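Asks:
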Amino acid sequence: MDTVRRPPTGRQYRPVRRGRWHLLTDFKRAWRAQPLRSRLALITTGLLTVGLLASSVSVTSLLYDQLLGQVDDQLKATAQAIGTQGLTALSTSRTSSSSSDSSMPSTYYLEAQYLDGENGQMISTDTAAKYGMPIIGTLSLDQAVAQASDPKLFTVDSDQLHHQWRVIVLPIDDRNTGEHIGVVAIALPLSDVMETVEQTRLVVALTDVSVILLGAMAAAYLVRRSFRTLRQIEGVAGQIAGGDLSARVPVTEPPTTEVGSLQRALNTMLQQNEQAFDVQVVAQERMTRFVSDASHELRTPLAAIRGYGELYRMGGVPPERTGEVMGRIESEASRMGRLVDDLLQLARMDEGREMAMEPVDITRIAAGALTDMMVLAPDRDCALLPLDDADGEAPPTMVLGDRDRLSQVLTNLLGNVTRHTPDGSPVEIAVGTVNRPPAPGVGRPADRPTARRQPADGTRAPQGPTVVVEVRDHGPGVAEADAEKVFQRFYRADTSRNRETGGSGLGLSIVSAIIARHGGTVRMDQTPGGGATVHIELPALVTAPEESTPNTPQ
Numbered sequence: 308m309d310t311v312r313r314p315p316t317g318r319q320y321r322p323v324r325r326g327r328w329h330l331l332t333d334f335k336r337a338w339r340a341q342p343l344r345s346r347l348a349l350i351t352t353g354l355l356t357v358g359l360l361a362s363s364v365s366v367t368s369l370l371y372d373q374l375l376g377q378v379d380d381q382l383k384a385t386a387q388a389i390g391t392q393g394l395t396a397l398s399t400s401r402t403s404s405s406s407s408d409s410s411m412p413s414t415y416y417l418e419a420q421y422l423d424g425e426n427g428q429m430i431s432t433d434t435a436a437k438y439g440m441p442i443i444g445t446l447s448l449d450q451a452v453a454q455a456s457d458p459k460l461f462t463v464d465s466d467q468l469h470h471q472w473r474v475i476v477l478p479i480d481d482r483n484t485g486e487h488i489g490v491v492a493i494a495l496p497l498s499d500v501m502e503t504v505e506q507t508r509l510v511v512a513l514t515d516v517s518v519i520l521l522g523a524m525a526a527a528y529l530v531r532r533s534f535r536t537l538r539q540i541e542g543v544a545g546q547i548a549g550g551d552l553s554a555r556v557p558v559t560e561p562p563t564t565e566v567g568s569l570q571r572a573l574n575t576m577l578q579q580n581e582q583a584f585d586v587q588v589v590a591q592e593r594m595t596r597f598v599s600d601a602s603h604e605l606r607t608p609l610a611a612i613r614g615y616g617e618l619y620r621m622g623g624v625p626p627e628r629t630g631e632v633m634g635r636i637e638s639e640a641s642r643m644g645r646l647v648d649d650l651l652q653l654a655r656m657d658e659g660r661e662m663a664m665e666p667v668d669i670t671r672i673a674a675g676a677l678t679d680m681m682v683l684a685p686d687r688d689c690a691l692l693p694l695d696d697a698d699g700e701a702p703p704t705m706v707l708g709d710r711d712r713l714s715q716v717l718t719n720l721l722g723n724v725t726r727h728t729p730d731g732s733p734v735e736i737a738v739g740t741v742n743r744p745p746a747p748g749v750g751r752p753a754d755r756p757t758a759r760r761q762p763a764d765g766t767r768a769p770q771g772p773t774v775v776v777e778v779r780d781h782g783p784g785v786a787e788a789d790a791e792k793v794f795q796r797f798y799r800a801d802t803s804r805n806r807e808t809g810g811s812g813l814g815l816s817i818v819s820a821i822i823a824r825h826g827g828t829v830r831m832d833q834t835p836g837g838g839a840t841v842h843i844e845l846p847a848l849v850t851a852p853e854e855s856t857p858n859t860p861q
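Just so you know, the working numbering puts 508 at position 201 of the sequence shown, and the rest follows in order with no gaps.
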């Protein structure tokens with residue numbers, strides 16, 4: 308047969324044959340194969356059995372010692388009198404076979420062994436019939452003399468089975484000379500003691516068996532009941548393994564217990580895992596949609612450039628239209644370049660690249676953006692207003708942010724106004740500072756009520772001192788159904804997807820990403836009287852600009 312080779316060691320070993328039966332190994336395997344609740348029930352039953360056996364042995368041993376001590380005390384107290392009485396009777400008859408029922412107590416046995424070789428015995432007939440005769444054997448006079456002051460009692464068997472006697476030995480002295488002439492043994496039967504001990508052992512054994520059986524059943528029930536919560540956890544784990552990520556463990560125990568703490572910790576972990584999985588699924592879907600939309604947006608200018616290039620290569624472009632064709636190629640290439648730049652900027656935002664954070668006056672940025680727009684669209688009426696629409700100039704509003712990125716936000720928003728509103732329609736930028744209470748949700752100033760809407764990116768609105776920027780136009784506005792989606796990448800409310808009027812659908816996505824990096828929120832509202840209003844909120848810079856330190860938001 309094959310053997311398992313082991314590395315050489317300092318001591319000799321025997322090879323272990325494969326397939327050989329090992330009691331300890333098989334027991335360990337069988338024990339580990341048992342469920343934990345069975346092992347706990349068996350351990351509890353085993354401990355209960357060991358404890359009961361130990362207590363039973365202790366009780367019966369103590370009882371035996373106590374009853375045996377009583378017999379010894381009785382023999383020590385009566386041995387001198389019984390021995391004197393028996394020896395007197397024996398010296399009268401001097402026969403070893405005679406007995407006197409009237410001169411001996413009923414349960415005593417007396418045996419005298421003289422140095423001259425004569426022996427004598429005394430026992431009642433009823434005692435001999437019931438307990439038999441003790442088998443004492445030859446006694447030693449020297450030992451009896453040595454133990455005369457403190458006799459040592461011992462136990463001997465009877466000539467009848469299952470009977471024993473307790474014996475005390477004393478020396479016999481001559482009444483005249485005082486010399487030792489023999490040895491006398493006085494015995495009492497131990498049958499009553501043994502019977503009492505055996506009955507006690509039987510009762511204790513039956514009681515132990517009953518208690519062990521009841522304890523085993525109680526242990527199995529209590530362990531199974533205690534493991535009910537763990538079985539619930541096992542069931543929830545099975546549901547999650549089957550794909551049900553919404554399954555939760557029922558919280559049935561106080562948090563101060565180990566099981567209660569485990570239940571809450573597992574629910575917290577499962578909730579986080581579900582949220583992480585949902586985020587992963589959303590991110591995967593978003594990435595798939597993003598790649599698809601990006602491919603769609605890039606395919607059109609690339610197809611146009613390739614088509615015009617092939618047409619020119621094949622000689623299908625007349626000389627007088629060469630400039631027009633090259634202009635179209637340059638236009639499509641420029642639009643594709645802008646799209647790539649927007650995609651690159653969004654990718655950098657997603658990576659969380661650091662920005663140059665410094666104190667920035669939003670009012671000055673808004674004024675500069677409106678000045679640029681008046682140059683590009685002189686037919687529009689542009690205005691910078693306070694947030695409450697009061698007369699006067701807009702107040703300074705300080706935030707901690709990246710100046711170039713915040714300028715890009717207003718530039719993109721004004722570009723959308725130019726692209727989606729009729730020529731000559733006015734545009735306003737309202738800025739101001741409000742104090743938001745520490746409550747969920749955001750709102751507009753009290754003098755301009757409107758329905759509250761959650762931020763487009765799902766973030767919480769700033770609390771405390773907050774800078775509010777509103778870019779208002781008076782064009783056709785944005786439908787309520789589209790207001791929640793305009794900040795998504797490549798989303799355009801224009802279903803015709805006209806590149807000349809609809810853009811690439813990334814401008815508002817960039818705005819949302821920049822505002823989110825600054826710890827703010829952005830949403831789309833309706834302008835009173837018609838039009839769309841982009842509502843932006845940013846945490847205000849409460850410290851003086853010269854005392855602030857540039858920082859990067861987490």
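Here a beta-carbon is modelled for each residue, glycine too, at the ideal position from N, C-alpha and C.
Just so we're clear, the structure is a prediction, and the values are computed from it rather than from any experiment.
Given this structure, state the Cα-to-Cα distance separating residue 354 from residue 336, to the nearest angstrom.
Replies: Taking the straight line joining both Cα atoms gives about 21 Å.
Asks: Rounded to the nearest angstrom, what separates residue 786 and residue 737 at their Cα positions?
Replies: Cα to Cα, residue 786 sits roughly 22 Å from residue 737.
Asks: Can you tell me whether residue 338 is buried or exposed, with buried defined as 16 or more other CB within 10 angstroms of its CB?
Replies: Answer is exposed; the Cβ neighbour count stays below 16.
Asks: So, under 8 Å CB-CB, residue 526 and residue 352 are touching, yes? Tell me the CB distance rounded to an integer number of Å.
Replies: Yes, they are in contact, since the Cβ atoms of residue 526 and residue 352 sit about 6 Å apart, within 8 Å.
Asks: What does DSSP give as the partner residues of residue 691 in its beta bridges?
Replies: Looking at the DSSP assignment, residue 691 forms a beta bridge with 736.
Asks: Tell me, please, whether the region 672-685 touches the region 709-727 by the rule of three or more beta-carbon pairs shorter than 8 Å.
Replies: Cβ pair count under 8 Å is three or more, so yes.
Asks: Run through DSSP, which three-state label would residue 842 get?
Replies: Of the three classes helix, strand and coil, the one that applies to residue 842 here is strand, per DSSP.
Asks: Spatial neighbours of residue 845 within its chain, please: CB distance less than 6 Å, with the 5 preceding and 5 following residues excluded, ordered by chain position.
Replies: Cβ neighbours of residue 845 beyond the five flanking positions: 706, 774, 825 and 827.
Asks: Measuring straight from C-alpha to C-alpha, what distance separates residue 697 and residue 739?
Replies: Answer to the nearest angstrom: the Cα atoms are 11 Å apart.
Asks: Spatial neighbours of residue 460 within its chain, please: C-beta separation below 7 Å, excluding the five flanking residues on both sides.
Replies: The residues are 379, 382, 473, 474 and 475.
Asks: Please state whether DSSP places residue 415 in a helix, a strand or coil.
Replies: Coil.
Asks: Alpha carbons only, please: which of 615, 792, 715 and 594 is nearest the one belonging to residue 821?
Replies: Of the candidates 615, 792, 715 and 594, the one whose C-alpha sits nearest the C-alpha of residue 821 is 715.
Asks: Within 10 angstroms of its Cβ, does residue 777 collect 16 or more other Cβ (buried), or is it exposed?
Replies: Residue 777 should be labelled buried.
Asks: Any chance you could list the beta strand (DSSP E) runs of at least 3 consecutive residues sitting entirely within the region 564-646, in chain order?
Replies: Those beta strand (DSSP E) runs which fall completely within the region 564-646 and span 3+ residues do not exist here.
Asks: Cα separation between residue 816 and residue 554?
Replies: Whole-angstrom Cα-Cα distance: 35 Å.
Asks: Closest to residue 838 by CA distance: which of 686, 732, 539 and 743 is it?
Replies: For the residues 686, 732, 539 and 743, the minimum Cα distance to residue 838 belongs to 732.
Asks: For the alpha helix (DSSP H) containing residue 787, name the first residue and the last one.
Replies: Where residue 787 is concerned, the enclosing alpha helix (DSSP H) stretches over 787-790.
Asks: Tell me, please, which residues DSSP counts as bridged to residue 830.
Replies: Answer is 842, bridged to residue 830.
Asks: Distance cutoff 8 Å, beta carbons only. Does residue 523 sit that close to anything in chain C?
Replies: The structure shown has no chain C; it contains just one protein chain.
Asks: What's the gap between the Cα of residue 562 and the Cα of residue 693?
Replies: Computed Cα separation, rounded: 53 Å.
Asks: For residue 780, write down the residues that DSSP places opposite it in a beta bridge.
Replies: Residue 780 is bridged to 734.
Asks: Less than 8 Å between the beta carbons of residue 367 and residue 514, yes or no?
Replies: No, Cβ-Cβ distance for residue 367 and residue 514 is not below 8 Å.
Asks: Can you tell me the Cα-Cα spacing of residue 650 and residue 582, whole angstroms?
Replies: Spanning the two alpha carbons is a distance of roughly 27 Å.
Asks: Count the other CB atoms, across all protein chains shown, that sit within 10 Å of the CB of residue 390; report buried if there are 16 or more and exposed otherwise.
Replies: With 16 or more Cβ atoms within 10 Å of its Cβ, residue 390 is classed as buried.
Asks: Just the Cα atoms here: how many angstroms apart are residue 661 and residue 342?
Replies: Answer to the nearest angstrom: the Cα atoms are 55 Å apart.
Asks: Secondary structure at residue 679, three-state DSSP: helix, strand or coil?
Replies: Residue 679: helix per DSSP, three-state reduction.
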